[in-house]
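Asks: Here the sequence shown is numbered in the UniProt record's numbering, starting from 1 and rising by one per residue. Got a structure here, written out as structure tokens. Questions coming.
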Amino acid sequence: MAVDVLKRFGFEETVATQLVDQAVAFDASLVPFVKGAEELADYTARYHPTDFAEFTRLIPAIDLNQAIADILQRLPVQINVTQPEYFKHLNQLLTTTPFEEFNAWLQVKLILETTAYLTEDLRQLGDRYRGVLGGRRATPSQEKQAYRMVVRYFDDVIGKYYSETYFGDQARQDVTQMTRQMIDIYRQRLERNTWLSQTTKMRAIDKLDHLVLKVGYPDEIPAVYDQIKVKTAADGGNLLNTILTIERVKREADFLAVNQPTDRSRWMMTGQTVDA
Numbered sequence: 001m002a003v004d005v006l007k008r009f010g011f012e013e014t015v016a017t018q019l020v021d022q023a024v025a026f027d028a029s030l031v032p033f034v035k036g037a038e039e040l041a042d043y044t045a046r047y048h049p050t051d052f053a054e055f056t057r058l059i060p061a062i063d064l065n066q067a068i069a070d071i072l073q074r075l076p077v078q079i080n081v082t083q084p085e086y087f088k089h090l091n092q093l094l095t096t097t098p099f100e101e102f103n104a105w106l107q108v109k110l111i112l113e114t115t116a117y118l119t120e121d122l123r124q125l126g127d128r129y130r131g132v133l134g135g136r137r138a139t140p141s142q143e144k145q146a147y148r149m150v151v152r153y154f155d156d157v158i159g160k161y162y163s164e165t166y167f168g169d170q171a172r173q174d175v176t177q178m179t180r181q182m183i184d185i186y187r188q189r190l191e192r193n194t195w196l197s198q199t200t201k202m203r204a205i206d207k208l209d210h211l212v213l214k215v216g217y218p219d220e221i222p223a224v225y226d227q228i229k230v231k232t233a234a235d236g237g238n239l240l241n242t243i244l245t246i247e248r249v250k251r252e253a254d255f256l257a258v259n260q261p262t263d264r265s266r267w268m269m270t271g272q273t274v275d276a
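See the structure below:
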């Protein structure tokens, strides 16, 4: 099926077949070192704080200091390495794997990731490929695909609208008040507790006092959306360029947040997910 996709991109069948075979070979070399879906679902197991300097020494084949310096304002001191085994073996993979396999893997991966944003024929063909990988049979309609795409890239905007419309300010105030009452009850119980040490009780109360309540929907939509400009087809825009632009804008915003204090007002879950 991947060969069929490449053929639609203009590759001769023999070339497409060779590229897919090489991509599969490189992908197979990653298997012993990357976590599966079940392992990745355990978020605590993905937490591995590592000194950045120590991390860069794992991959001498890449000048990570220069690469990161070109992106960020300053190098991070510590990072979270979600897949330790993969990065421990990445230098070996890069220096021993034939470049043709790595290059083919990049090409095939890139092409397959763009099919959803091109012609209807490619969208359906690419979705059938993803369906085989994920155990899904039916290709979603254009309407459902469009909805999912909008929700993915404008999740905060849609979440705020949905929650303001179907949850509302009054319900938000009511739930906020109930939550504060529950916090007060916890505080009182901690103060009266007789079996915890005084230090433990004070730390628990301090945590309660510093909780940032997020009820219903955020007060403001993240500023990154002000930077997103969508061109219509009449203005020379197209879906693929629009998606690439949104991805770039959001990625640059994420880069700017590195080494900055955590914005505790930012919502990590959308309003419609919380309230539905």
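Each residue gets a CB set at the ideal place from its N, CA and C atoms; glycine is no exception.
Pick helix, strand or coil for Asn91, following the three-state DSSP scheme.
Replies: Asn91 falls in the helix class under three-state DSSP.
Asks: Taking just the CA atoms, how far does Gly168 sit from Gln107?
Replies: In a straight line, the C-alpha of Gln107 is about 47 angstroms away from that of Gly168.
Asks: Following the continuous beta strand (DSSP E) through Thr50, name the residue where it begins and the one where it ends.
Replies: Thr50 -> beta strand (DSSP E) spans Pro49 to Asp51.
Asks: For Asp275 and Gln188, what's the separation of their Cα atoms in angstroms?
Replies: Rounded to whole angstroms, Asp275 to Gln188 spans 29 angstroms at the Cα level.
Asks: State whether the segment 71-91 contacts the segment 22-40, with contact taken as three or more CB pairs (one from each stretch) at a distance under 8 angstroms.
Replies: Yes: the two stretches touch, three or more of their Cβ pairs being nearer than 8 angstroms.
Asks: With distance defined between alpha-carbon atoms, name the residue in Gln78, Met149, Met269 and Ile158 nearest to Pro49.
Replies: Nearest C-alpha to Pro49: Gln78.
Asks: Output yes or no for whether 8 angstroms exceeds the beta carbon distance between Leu118 and Leu40.
Replies: In this structure, Leu40 does not lie closer than 8 angstroms to Leu118 by Cβ.
Asks: Taking DSSP as the reference, what is the three-state secondary structure of Asn241?
Replies: Three-state DSSP puts Asn241 in a helix.
Asks: Roughly how many angstroms lie between the CA atoms of Tyr225 and Gln83, to the nearest whole one?
Replies: Their Cα atoms are separated by approximately 31 angstroms.
Asks: For Leu125, count neighbouring C-beta atoms within 10 Å of its own C-beta (all shown protein chains included) and say buried if the count is 16 or more, exposed if not.
Replies: By the 10 Å Cβ count, Leu125 comes out buried.
Asks: Taking Ser163 and Val212 to be in contact with their CB atoms under 8 angstroms, please state how far apart those CB atoms are, rounded to whole angstroms.
Replies: The Cβ separation is near 17 angstroms, so there is no contact.
Asks: Identify every run of the alpha helix (DSSP H) within the segment 75-147, keeping only runs that are complete inside it and at least 4 residues long; order them along the chain.
Replies: Those alpha helix (DSSP H) runs which fall completely within the segment 75-147 and span 4+ residues are 84-96, 99-114 and 120-134.
Asks: Can you give me the C-alpha to C-alpha distance between Gly10 and Ile71, rounded to a whole angstrom?
Replies: Roughly 34 angstroms between the two C-alpha positions.
Asks: Assign Ile111 to one of two classes, buried (16 or more other C-beta atoms within 10 Å of its C-beta) or exposed (fewer than that).
Replies: Buried, since its Cβ has 16 or more Cβ neighbours within 10 Å.
Asks: Distance check for Val24 and Val157, CA to CA, integer angstroms please.
Replies: Taking the straight line from one Cα to the other gives about 39 angstroms.
Asks: If you draw a straight line from the alpha carbon of Met202 to that of Met182, how long is it in whole angstroms?
Replies: Cα-Cα distance, rounded: 18 angstroms.
Asks: Could you tell me the alpha carbon to alpha carbon distance between Ala204 and Leu190, rounded to whole angstroms?
Replies: Whole-angstrom Cα-Cα distance: 8 angstroms.
Asks: Straight-line CA distance for Thr97 to Asn103?
Replies: C-alpha separation (whole angstroms): 10 angstroms.
Asks: Specify the secondary structure class of Glu220 as computed by DSSP and reduced to three states.
Replies: Coil.
Asks: Can you tell me which of the three DSSP states Thr176 falls into?
Replies: Thr176: helix per DSSP, three-state reduction.
Asks: If I'm right that Val5 touches Tyr129 with Cβ under 8 angstroms, what's the distance once you round it to whole angstroms?
Replies: About 7 angstroms separates the two Cβ atoms, so the contact holds.
Asks: Tell me which residue opens and which closes the alpha helix (DSSP H) that Gly271 is part of.
Replies: Unbroken alpha helix (DSSP H) run through Gly271: Gly271 to Asp275.
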